[in-house]
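Heads up: the protein sequence lines correspond to chains C and H, in order. This note's numbering numbers the first residue of the first sequence as -19 and each following residue consecutively. This note's numbering numbers the first residue of the second sequence as 2 and each following residue consecutively. Yeah, the Cβ is synthetic: ideal placement off N, Cα and C, and Gly gets one too. Values in this document were obtained by computation on a predicted structure and should not be read as measured data.
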Amino acid sequence: TTRTPEFLGLGRSERLLPTSTSEGDVIIGVLDTGVWPESKSYDDTGLGPVPSRWKGECEQGTNFSSSNCNRKIIGARFFCKGYEATLGPIDESVENRSPRDDDGHGTHTSTTAAGSTVTGASLFGYASGVARGMASHARIAAYKVCWQGGCFSTDILAAMEKAIEDGVDIMSMSIGGSISDYSRDTVAIGAFSAMAKGIFVSCSAGNSGPDSGTLSNVAPWITTVGAGTLDRDFPAYVILGNGKNFTGTSLYSGKPLPKKLLPFVYAGRASNVTGGNLCMSDSLEPKSVAGKIVVCDRGGNSRVQKGIVVKKAGGVGMILTNTEAYGEELVADAHLVPAASLGQKAGDEIKKYISSDNDARATIGFSGTQLGVQPSPVVAAFSSRGPNPITQEILKPDLIAPGVNILAGWTGKIGPTGLEDDTRHISFNIISGTSMSCPHVSGLAALVKAAHPEWSPAAIKSALMTTAYTAYNNGKMILDVATGLPATPFDYGAGHVDPVAALDPGLVYDASVDDYIDFLCALNYSSELIKQTTGRQFTCSSKAYSIQDLNYPSFSVAFETASETGLGRKAVSTVKYTRTLTNVGKPANYKASVWPQPAKVQIKVVPELLSFSTVNEKKSFTVTFTANSMPSGTTSYAHLTWSDGKHTVTSPIAITWT
Amino acid sequence: DHQERRTYIVHMDKSHMPESFTDHHEWYHASLKSAVDTAEMLYAYNSIIHGFSTRLTEEEAELLQGQPGILALLPEIRYQLH
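If you want it as structure tokens, here you go:
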């Protein structure tokens, strides 16, 4: 990727970063749509021999042979038995029955995690710069599980099993399915086994935001990653005949519009079909749009497809306007016609202008790449939000990372829009999603693993979470683009990842396989369900298990409302959480602080001081939350920080009344 | 349609494998064949879970579910790229 290494501070602190040799020992398994091995991002120049412990293979298939692997792509496999059993044999004239990536998504995610350094990367000049993965010396093993018809759980389970056997250290999965209990969730089951073998598993949180409770991949042994923006934008300008200007975004790179204002029309008034405003295929009347710029509403079909519909009807440009469902979130696309995306407010004003002026005119201008955009990051509107739909006491997502307008490697098979009409060939593409933020964290976890090979997956997750930031340099809290207001832990979890700080967290909240099994006991899992989830035979004892005692690096407190407790409205509830911190730094004294002190809840930490004299020393503490009953849906947020003056070990606290 | 086949992940409890079997794959095959003679195994899983995946009708799935050593039958789920 370009820009994200700088945005994440990876160029600033070489002293803390692991050596290229230790980084080269880390293997990232990416379960996705495969790889396009000719991408320069898979160049293996300067990489040492493949780690001797590696048991993976480079499987042969259509247009893919073992010579397509090298010291960067050290493994490539494909899994399609489940897919073919349901949908029939793969049509090899359309899709390669091999690890070769026909889609681009898998090449994008794997190069984001661990692509080699490539100079002069860009998409038609946009986002130009030096592209590299987060762990540019780490190795990539590709497991193709996603095909044109989707990704099937039987194939995913087989791939996860093989990745574990092969010896990956990190598993990156930018996929999600329907929400189900851990014992019936293939990814959760596979991730448990991986975690038990010391493999860090990061998964995308989902793109169903900004609605609440929309997360996927929420098992506590998974690191769940939401998406934020960068300080980079691709501005496009819409100039109206009434003198008003609006700023939107675009990755259009073709011939510009003539330097004069052109007539323009709202698609809803240039169509006789229902939903004509959406510029669906064949919905526009050529006589109404010929030679004009067409305003299309977002939704219904792909954003770039709308431009093609406009072009086919004789239109010369498109303004893509958000409706209420999308608010002010702008997504940059490599349109095939001069086009710009605008937010809802600008869209509403433009539509008012069109309806008020029979000779409404406009033009669109493009101004390339803008850096230093502030505020950044902001939480992407599409990023799925908490609370956790399966276990409310575990706060999810865990953290956010760059996931908007990310440039990374791409397949040579299809153009940037993925449409049949798009015959452009590119080496890099710019796309958005929690699919893009997940491999950022996978690569950053590889850096932490390289620096601290003895750390467990939970310790790595803790390091990434407790060092994440929630405020900008000016002290103001990270914003949510969906509302324009400060985001909450249900939006960003522990905050935005800060990899340099994660390399030296001071303390970690570690957790073992036994701790996670105790967590399942606290959920009242039977021995059968525990076996289904963990593969282990275990019978919960008669001791009192508590979800609140899972040593998680964040806190989610769910109070019951008065009506549920059956007590009066003034009923006071108290919930106690126990945590254990492990010292991974020098001997130090840490002091606890809670900020901001929420008005509705009393939070007490005991003890408030923890002294560590040796590495790996463990100290426990309790946090007691006391609150009056509040109406259902009330929320409150805070943070708990342990600091020795040098390190700040911060956990988000989300409190809800249900 | 009760006759339409769906894909399932059949999760087995290896601790219930009869002593007459020396290889768990043989046991998987025997369990599947005893319930459904015509069903084919897609994958055999050996580490994350013990079990296999196969295509079954609803009736066959119920029959297999009743076999000893079956922990769970998980219907195939289609995941999406994010």
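Alpha-carbon to alpha-carbon, residue j and residue i
{"i": "ILE78 of chain H", "j": "MET153 of chain C", "result": "15 angstroms"}
{"i": "LYS15 of chain H", "j": "LYS429 of chain C", "result": "34 angstroms"}
{"i": "SER261 of chain C", "j": "ALA312 of chain C", "result": "21 angstroms"}
{"i": "ALA250 of chain C", "j": "GLY423 of chain C", "result": "48 angstroms"}
{"i": "SER591 of chain C", "j": "PRO567 of chain C", "result": "8 angstroms"}
{"i": "TRP28 of chain H", "j": "ALA45 of chain H", "result": "11 angstroms"}
{"i": "VAL421 of chain C", "j": "GLY383 of chain C", "result": "11 angstroms"}
{"i": "GLY565 of chain C", "j": "GLY486 of chain C", "result": "5 angstroms"}
{"i": "PRO(-15) of chain C", "j": "THR468 of chain C", "result": "25 angstroms"}
{"i": "THR99 of chain C", "j": "GLY208 of chain C", "result": "25 angstroms"}
{"i": "PRO238 of chain C", "j": "ILE299 of chain C", "result": "16 angstroms"}
{"i": "SER417 of chain C", "j": "ILE370 of chain C", "result": "22 angstroms"}
{"i": "VAL595 of chain C", "j": "SER2 of chain C", "result": "22 angstroms"}
{"i": "LEU322 of chain C", "j": "MET114 of chain C", "result": "31 angstroms"}
{"i": "ARG(-17) of chain C", "j": "LEU351 of chain C", "result": "9 angstroms"}
{"i": "PHE104 of chain C", "j": "PRO396 of chain C", "result": "10 angstroms"}
Burial state of residue i, where buried means 16 or more other Cβ atoms lie within 10 Å
{"i": "TRP201 of chain C", "result": "buried"}
{"i": "GLY55 of chain C", "result": "buried"}
{"i": "SER507 of chain C", "result": "exposed"}
{"i": "ASN569 of chain C", "result": "exposed"}
{"i": "TRP16 of chain C", "result": "buried"}
{"i": "SER96 of chain C", "result": "buried"}
{"i": "LEU65 of chain H", "result": "buried"}
{"i": "GLY287 of chain C", "result": "buried"}
{"i": "ASN302 of chain C", "result": "buried"}
{"i": "THR519 of chain C", "result": "exposed"}
{"i": "GLU141 of chain C", "result": "buried"}
{"i": "LYS34 of chain H", "result": "exposed"}
{"i": "LEU589 of chain C", "result": "exposed"}
{"i": "PRO79 of chain C", "result": "buried"}
{"i": "TRP575 of chain C", "result": "exposed"}
Cβ neighbours of residue i in the same chain (closer than 6 angstroms, five flanking residues each side left out)
{"i": "ALA293 of chain C", "result": "LEU264, PRO266, VAL269"}
{"i": "LEU(-12) of chain C", "result": "PRO479"}
{"i": "ILE219 of chain C", "result": "ASN225, THR343"}
{"i": "ASN48 of chain C", "result": "PRO17"}
{"i": "LYS598 of chain C", "result": "THR560, THR562"}
Candidates the options: closest to residue i by CA position
{"i": "ASN531 of chain C", "options": "C:ASN569, C:LYS584, C:ASP490, C:ASP494", "result": "C:ASP490"}
{"i": "TYR557 of chain C", "options": "C:ILE527, C:ALA568, C:GLU508, C:LYS598", "result": "C:ILE527"}
{"i": "ASP38 of chain H", "options": "H:ALA73, H:LEU75, H:ARG56", "result": "H:ARG56"}
{"i": "ALA138 of chain C", "options": "C:GLU75, C:TRP390, C:PHE59, C:ILE386", "result": "C:PHE59"}
{"i": "THR615 of chain C", "options": "C:PHE408, C:ILE633, C:PRO318", "result": "C:ILE633"}
{"i": "PRO29 of chain C", "options": "C:SER21, C:GLY9, C:ASP5", "result": "C:ASP5"}
{"i": "PHE368 of chain C", "options": "C:ILE410, C:GLY473, C:GLY129, C:GLY178", "result": "Note on identity: in this sequence residue 368 of chain C is Asn, with Phe being the wrong assignment. Per the Cα distances, C:GLY473."}
{"i": "PRO190 of chain C", "options": "C:GLY383, C:ASP494, C:ILE583, C:VAL359", "result": "C:VAL359"}
{"i": "ALA176 of chain C", "options": "C:VAL493, C:SER609, C:THR604", "result": "C:VAL493"}
{"i": "ALA73 of chain H", "options": "C:GLY515, C:THR630, C:ASN563, C:LYS523", "result": "C:GLY515"}
{"i": "SER623 of chain C", "options": "C:ALA572, C:ASN257, C:LEU242", "result": "C:ALA572"}
{"i": "ASP401 of chain C", "options": "C:GLY280, C:HIS315, C:THR604, C:ILE169", "result": "C:HIS315"}
{"i": "LEU75 of chain H", "options": "C:TYR162, C:CYS38, C:ARG57, C:LEU(-4)", "result": "C:TYR162"}
{"i": "ASN385 of chain C", "options": "C:SER46, C:PHE214, C:GLU72", "result": "C:PHE214"}
{"i": "ILE497 of chain C", "options": "C:ASP484, C:TYR525, C:PHE470", "result": "C:TYR525"}
Sequence-distant residues of the same chain with beta carbon closer than 7 angstroms to residue i, five excluded per side
{"i": "GLU373 of chain C", "result": "ILE527, GLN528, SER536, ALA538"}
{"i": "TRP127 of chain C", "result": "CYS60, TYR63, ILE70, GLU75"}
{"i": "ILE144 of chain C", "result": "SER173, ALA174, LYS177, ILE179"}
{"i": "SER19 of chain C", "result": "THR87, THR91, GLY389, SER407"}
{"i": "ALA448 of chain C", "result": "LEU379, ALA474, GLY475, HIS476, VAL477, ASP478"}
{"i": "GLY129 of chain C", "result": "TYR63, LEU67"}
{"i": "GLN354 of chain C", "result": "ASP211"}
{"i": "ILE159 of chain C", "result": "SER196, PRO369, ILE370"}
Other residues of its chain near residue i: CB distance less than 8 angstroms, five sequence neighbours each side excluded
{"i": "GLU329 of chain C", "result": "LYS224, PHE226"}
{"i": "HIS17 of chain H", "result": "PRO69, GLY70"}
Task: Under 7 angstroms (Cβ pairs) to chain C, residues found in the segment 6 to 28 of chain H - done: THR8, ILE10, HIS12, ASP14, SER16
Task: Interface residues of the segment 404 to 419 of chain C facing chain H [CB-CB below 7 angstroms] - done: GLY413, THR414, SER415
- [ ] Determine which residues of the segment 167 to 197 of chain C have a Cβ less than 7 angstroms from any Cβ of chain H, and write them out in chain order.
- [x] ILE169, GLY170, SER173, SER184, GLY186, ASN187
TODO: Scan the segment 256 to 286 of chain C for residues whose Cβ lies nearer than 9 angstroms to a Cβ of chain H and list them as they occur along the chain.
DONE: none
Open item on the list: Residues of the segment 487 to 513 of chain C in Cβ contact with chain H at a cutoff of 7 angstroms, in chain order, please.
Closed with: GLU508, LYS511, GLN512
Open item on the list: At a CB distance below 7 angstroms, what residues from the segment 52 to 64 of chain C approach chain H? Give them in sequence order.
Closed with: LYS61, GLY62
Task: chain H contacts from the segment 117 to 151 of chain C (Cβ-Cβ distance under 7 angstroms) - done: CYS126, GLY130, CYS131, PHE132, SER133, THR134, ILE136, LEU137, ALA138, MET140, GLU141, ILE144, GLU145
Task: Contact set between the segment 66 to 82 of chain H and chain C, restricted to residues whose Cβ is under 8 angstroms from the partner - done: LEU72, ALA73, LEU75, GLU77, ILE78, ARG79, TYR80, GLN81, LEU82
- [ ] Below 8 angstroms between beta carbons is the criterion; list the residues of the segment 25 to 50 of chain H that meet it against any residue of chain C, in chain order.
- [x] LEU43, TYR44, TYR46, ASN47, SER48, ILE49, ILE50
Task: Interface residues of the segment 78 to 105 of chain C facing chain H [CB-CB below 7 angstroms] - done: HIS85
- [ ] Using a Cβ-Cβ cut-off of less than 7 angstroms, list which residues of the segment 524 to 542 of chain C approach chain H; keep chain order.
- [x] none
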